[in-house]
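Have a look at the structure below, then the notes.
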């Protein structure tokens, strides 16, 4: 060694930090690497907390150990990676001129000053918390730290709560809801905005709501927390903005996070418009010797080009690995950005998304076309399960820019598939002819993703005119003068029906029963079937026979989230 | 209607033909559309036959009915689609000058001549069959027609066979093997070439063989059928090239198919070098009024640009839909080609692939880099299951051009993901930072696909030097002077070990035990662990400390397909 080893300091020991440190070590055996971690644990599998809380597994060590079963404590980091991991230690100041970090050992209060050549800020985020009366009562948690998980798991194990309220109807809120349900606790999710799961368009979100309610869990939307109620310092209920009081012995707050930027800000680093530390594609802050990653930064949307926050564990790991390389070989790796991909399990539904929802795209002023379809993941004879999806494309470029997929079927695979298509900037036309792995245990001959693209192509080409279930519902409620046609078989109609004033004419009989259709060829005709494939075929027939205002209710009965006649 | 309706004739009623007909109908309500089908059934879900044979489901109608339960017979085609579907009718000649198809109704021998404006040839393929003594004995089947499925299912139901031989170790061969195993029949698969499943590289194929053998099914490779043996016209055994006789009461031949091109050839249409009907991207034959699709055509590989045959049900459907559009609006749709994607379930393994294997790419003279990795699909605490994968990239462009993924884990999702990446011509670097749907029920924080890409990037950048399990085996067998290092824990070593002369030094102890390593810094050191992640970390350490010839056994113990000490 001719030159002294590089000194690397990493602030944050959860996801991005340890990843950057470990990758830097693999790149340079001689570097001096220190991790400063405020919490007691390192490299926690924090996305696993809800499953530990819910009792999906019991061994808490699984959240903090390697695949080989070794706990990732400071000894492990020292022995396996020769990384000096200092836990229960808070970085309190960065001196960029002196290139030092001042740290405080929390149990002793001891202060140390650590010099660095390169610094990594991976300080994560802090859960948001409503500033309402009663917010300091006992029994109100977030599920952010391992300590939170321990506490809520203890409530489960000791059967201390019969009723819980989850504040916030996003990903974490519903993961917690399911966990508490598994723990035998009756749970109500409250969401301030009109719709749960903001990355889903409302029609799909409504289907998820219906599914959650079918499990004896409740959801209240359009209503925030006015106050936490309590007795003797202990929570006894939640009062909503509309005055409703929900009794509970436990509340879990999951209304998002804010990036921990105080340290970066105090050091004079640039903070972005989204409130996170600003970084370039190398994950470098405005000080080129300082990198940042994970929940505390902003990154680029590969779809819009805008800066966004993406506080997800997988992104933190990807970014950490990029930093690890750049710490040792400057400029050797980039993190180009994200495609807004996410997923969660909500009872028996998988809820996944990638890219933009229709609402998000419209809010950005994009000119889009969308389609909603329903279908099975694998053939009926292989016990296929339903999926309901919405695909969004840019109308000019025909690029697929968004996909939402929910249901008991394998949505995870379809979301991963489209996520990669979006990454490859593929068009609807590319997806229409995708060569995907087909065998009956895994897919229909035309996979759900391909069917969605084909339907979307039909709409882009003007071959299909669609209405959403909600548009149909609005027409029914407003007494609009439309003719509604169910094209299924009488047997199917006997088993399930909407009861929205529809006429039943099975597709196979349609050509012989034109006399039952509106004489006014301009009257709006709305068609559907179970999934609206027959509805679409019927629409083509009617258009060819001179009805001019023919529309398909997209996704059919399977996408209908409202009450049915039967 | 000012002009007479277009007359469309479709020869073939299995997959591509009905799809083309149905799409044409949706595009043009007034077209005259006739399907000529030699068999008794239409639109059979032929990929489902093995699952019917194996008893996964019992209602045979599920193979020929719509999702709504309506059998796709001529009445259905007439009523729902106004398509004249003539079954048990063979097209015997095409007169391109007169634009007619001559047909023979098989039960009556009646001849009819049907005029066309546009013709579709979707005549499918015929199973290959070995020309060996005894080939006409009873009890030898292919699994190609619904009649075949009925016959083999009857053998299952009537318990007529205790032992079976499957001739051919490809996709269908192993689907049949599993079906017969489910049916309680002891089955041996024989494969003429040295390795089963030709789309897999041999190391992965060996892992599949081991899995199949663990289910009391047998595999014999490098050995073809010399003769079928019989008594009283009934099969009693199969004699192999090496003289081995395998007693059996049932043989199923699955050695591939040849395209049915006789009709096209007799009509003077161009046949391609791969033996299929030659078509352009519009699926037009050398006669622009005649289209062709499905198992009887060749199509383009999007990876090599070469013409290939892709006799798969999904491809037939995609091509049929393209033709349906072009029949009505000429030149309105294209089928650009395939990416060599396929999958099958083999007992508890999923075996999937997309793009080229390493062997295929090398045979084409491509300059590639590959990596083999092993890992879990989801976290250990969620009961993750193993996957073993091989990823192949073009060394110059860094594009991913192939991916094989096998194991009890969810390989289907990973193959679909990479299939789409290949379609998008993404590079290893793109995949390294892919934004995929992450939550513990669905993925590791870094999905298996991303880990594969990261390992491949490490190899492309020279950060990792790998050996395949077979290269290591060869070194051990030849007594090569290499030093083999297992970097797991003593506990893991007690449970499972290879016993190939390895030394155990846990990763965490390595830096303190350099004195146990070869003094000769140029001696080859081979490292591994369970999946060779710790092996890779250890390799980086040794390289940094002056050992110059350090290699990682890719995929570790999980990828080792040979016998182990324990």
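Protein chains in written order, with my numbering: chain A, 24 to 589; chain B, 24 to 589.
Where a beta carbon is used, it is the ideal one built from N, C-alpha and C, also for glycine.
Since the structure is predicted, the reported quantities are computational estimates derived from the model, not experimental observations.
Within chain B, partners of residue 464 of chain A - CB distance below 7 Å: Near residue 464 of chain A (Cβ distances below 7 Å), the residues of chain B are 368.
If the cut is a Cβ gap below 7 Å, which residues of chain A does residue 530 of chain B touch? Residues of chain A passing the Cβ test: 103.
Which residues mark the beginning and the end of the alpha helix (DSSP H) in which residue 74 of chain A is found? Counting along the chain, the alpha helix (DSSP H) containing residue 74 of chain A begins and ends at 72 to 76.
In chain B, which residues lie less than 7 Å from residue 359 of chain A when you measure between Cβ atoms? Under the 7 Å cutoff, chain B gives 456.
Hey, quick one: how far does the beta strand (DSSP E) through residue 141 of chain B stretch, first residue to last? Element bounds for residue 141 of chain B: 141 to 144.
Using the beta-carbon of each residue, which ones in chain B are nearer than 9 Å to residue 435 of chain A? Within 9 Å Cβ-Cβ: 433, 436, 460, 462, 464, 465, 466.
With 7 Å set as the bound, which would you pick, yes or no: does the beta-carbon of residue 24 of chain A sit closer than that to a beta-carbon of chain B? Note that residue 24 of chain A has pLDDT 46, beneath the 50 cutoff, so the model's placement of it is unreliable and no number is given.
Indicate the three-state DSSP secondary structure (helix, strand or coil) for residue 24 of chain B in the structure shown. With a pLDDT of only 46 at residue 24 of chain B, under 50, the local geometry of the prediction cannot be trusted, and the value read off the model is given with reservation. Coil at residue 24 of chain B, not helix or strand.
Closest Cβ-Cβ distance between residue 539 of chain A and chain B: below 7 Å? So no, residue 539 of chain A is outside the interface.
Quick check: what's the CA-CA separation for residue 418 of chain B versus residue 451 of chain B? Pairing residue 418 of chain B with residue 451 of chain B, the inter-Cα distance amounts to about 10 Å.
Residues that residue 568 of chain A contacts on chain B, provided the C-beta gap is smaller than 9 Å: The contacting residues are 52.
I need the boundaries of the alpha helix (DSSP H) containing residue 343 of chain B, first residue and last residue. Per DSSP, residue 343 of chain B is one residue of the alpha helix (DSSP H) stretching across 336 to 351.
For residue 402 of chain B, go through chain A and note every residue whose CB falls closer than 7 Å to its CB, in chain order. Residues of chain A whose Cβ lies closer than 7 Å to the Cβ of residue 402 of chain B are, in chain order, 68, 71.
Interface residues of the region 292 to 320 of chain A facing chain B [CB-CB below 8 Å]: If the cut-off is 8 Å between Cβ atoms, the region 292 to 320 of chain A has nothing near chain B.
Once DSSP output is grouped into helix, strand and coil, what is the label at residue 376 of chain B? In the three-state reduction of the DSSP assignment, residue 376 of chain B falls in the strand class.
Contact set between residue 99 of chain B and chain A, taken where Cβ atoms lie within less than 8 Å: 531, listed in chain order.
Does the beta carbon of residue 420 of chain A sit closer than 7 Å to a beta carbon anywhere in chain B? No, residue 420 of chain A does not count as interfacial toward chain B.
List, in order along the chain, the chain A residues whose C-beta lies closer than 8 Å to that of residue 338 of chain B? Within chain A, the residues near residue 338 of chain B are 458.
Using the beta-carbon of each residue, which ones in chain B are nearer than 7 Å to residue 489 of chain A? The CB of residue 489 of chain A never comes closer than 7 Å to any CB in chain B; the least such distance is about 15 Å.
Is DSSP giving residue 401 of chain A helix, strand or coil here? Under the three-state reduction of DSSP output, residue 401 of chain A falls in the coil class, being neither helix nor strand.
According to DSSP, residue 413 of chain B sits in a beta bridge with which residue or residues? Answer is B/395, B/427, bridged to residue 413 of chain B.
Backbone secondary structure at residue 106 of chain B - three-state DSSP: Correct three-state label for residue 106 of chain B: coil.
May I have a chain-ordered list of the alpha helix (DSSP H) segments no shorter than 4 residues that lie completely inside the region 425 to 462 of chain A? Correct list: 434 to 446, 451 to 455.
What residues of chain A sit near residue 560 of chain B, judged by a beta carbon separation below 9 Å? Ordered by position in chain A, the residues that pass the 9 Å Cβ test against residue 560 of chain B are 45, 48, 49, 103, 104.
Candidates A/407, A/296, A/433, A/383, of which the one nearest residue 416 of chain A by Cα: Minimum Cα distance to residue 416 of chain A is reached at A/383.
7 Å is my cut-off, CB to CB: does residue 197 of chain B come that close to chain A? False, the Cβ-Cβ gap to chain A never drops below 7 Å.
DSSP beta-bridge partners for residue 270 of chain B? Answer is B/260, bridged to residue 270 of chain B.
Buried or exposed for residue 36 of chain A, going by 16 or more other Cβ atoms inside 10 Å? The residue is buried, with at least 16 neighbouring Cβ atoms inside 10 Å.
Beta-carbon neighbours of residue 33 of chain A, restricted to chain B and to distances below 8 Å: The contacting residues do not exist; residue 33 of chain A stays about 18 Å from chain B at best.
Touch test, the region 569 to 583 of chain A against the region 385 to 398 of chain A, Cβ-Cβ under 8 Å, three pairs minimum: The region 569 to 583 of chain A is in contact with the region 385 to 398 of chain A.
Beta-carbon gap between residue 197 of chain B and residue 429 of chain B smaller than 7 Å: Result no, Cβ atoms of residue 197 of chain B and residue 429 of chain B do not sit closer than 7 Å.
Is there a Cβ from chain A that is less than 7 Å from the Cβ of residue 139 of chain B? Cβ-Cβ to chain A under 7 Å: no for residue 139 of chain B.
Residue 300 of chain A vs residue 320 of chain A beta-carbon contact at 7 Å: Their beta carbons are under 7 Å apart, which means residue 300 of chain A touches residue 320 of chain A by this criterion.
Boundaries (first-last residue) of the beta strand (DSSP E) holding residue 365 of chain A: Segment 365 to 369, the beta strand (DSSP E) holding residue 365 of chain A.
Nearest-angstrom Cβ-Cβ length linking residue 153 of chain B and residue 248 of chain B, presumed shorter than 8 Å: With a beta-carbon spacing of about 5 Å, residue 153 of chain B and residue 248 of chain B fall inside the 8 Å limit used to define contacts.
Neighbour list for residue 581 of chain B in chain A, Cβ cutoff strictly below 9 Å: Close partners of residue 581 of chain B in chain A (Cβ separation under 9 Å) are lacking, with about 11 Å as the shortest Cβ gap.
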